[in-house]
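Here the structure is laid out as structure tokens; the discussion comes afterwards.
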Amino acid sequence: MAKSLLKTSSLSGRTKLLHQTGLSLYSTSHGFYEEEVKKKLEQFPGGSIDLQKEDNGIGILTLNNPSKMNAFSGVMMLQLLEKVIELENWTEGKGLIVRGAKNTFSSGSDLNAVKSLGTPETSFNKCCAGSRLGIGWRSRIYYSM
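Residue numbering for the sequence shown follows my numbering, starting at 1 and increasing by one per position.
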């Protein structure tokens with residue numbers, strides 16, 4: 001699914017290559033230690049990211065943490081990475097619906113989890129351990145024009 005969208009997206013060639021190979025612009029030289037980030041995020045449990053793959057090629061990704069207005073906990077951030085990788089490898093995938101449980105989309109991130117990752121400038125960028133392009137899961141969204 002992602003590969004076909006990459007062909008039609010407006011991302012730069014370098015960005016597309018990084019997405020396809022799974023490389024990161026962040027490294028230990030930037031102060032980014034993936035295992036350390038994962039351990040910190042695991043300290044903030046609650047909620048889940050649920051993925052349904054329909055036979056028609058449509059995936060439904062549900063943010064499921066209704067007691068916190070579907071705010072992303074640390075564990076949910078890690079689960080999101082797993083689900084995005086799973087979707088990237090889903091060759092039958094044609095589209096994705098992202099929704100929140102209990103009639104609420106998402107109130108954002110659990111600020112305690114984000115604060116645990118460091119300074120305000122770096123915390124949000126590191127909130128997804130799979131931050132391959134240094135701007136978290138936001139960079140993993142592909143647009144087709």
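Yeah, the Cβ is synthetic: ideal placement off N, Cα and C, and Gly gets one too.
Since the structure is predicted, the reported quantities are computational estimates derived from the model, not experimental observations.
Counting only residues of its own chain and dropping the five nearest sequence neighbours on each side, G108 has a CB closer than 8 Å to the CB of A71 and F72. Looking from the CA of N64, the closest CA among L117, I97 and T104 belongs to T104. G59 sits away from L80, with the two beta carbons spaced by 8 Å or more.
The straight-line gap separating the alpha-carbon atoms of L61 and K115 is approximately 26 Å. Scanning the segment 23–74 from its first residue to its last, the whole alpha helix (DSSP H) runs of 4-plus residues come out as 34–42. Between G93 and E42, the gap from beta carbon to beta carbon reaches 8 Å or more.
Secondary structure at L117: coil, using DSSP grouped into helix, strand and coil.
No Cβ-Cβ contact shorter than 8 Å links K40 with L111.
Per DSSP, G108 is not a residue of any beta strand (DSSP E), being assigned neither H nor E. With fewer than 16 other CB atoms across the displayed protein chains lying within 10 angstroms of its CB, V98 is exposed. The beta carbon of K53 is closer than 6 Å to those of G59 in its chain, skipping five residues each way along the sequence.
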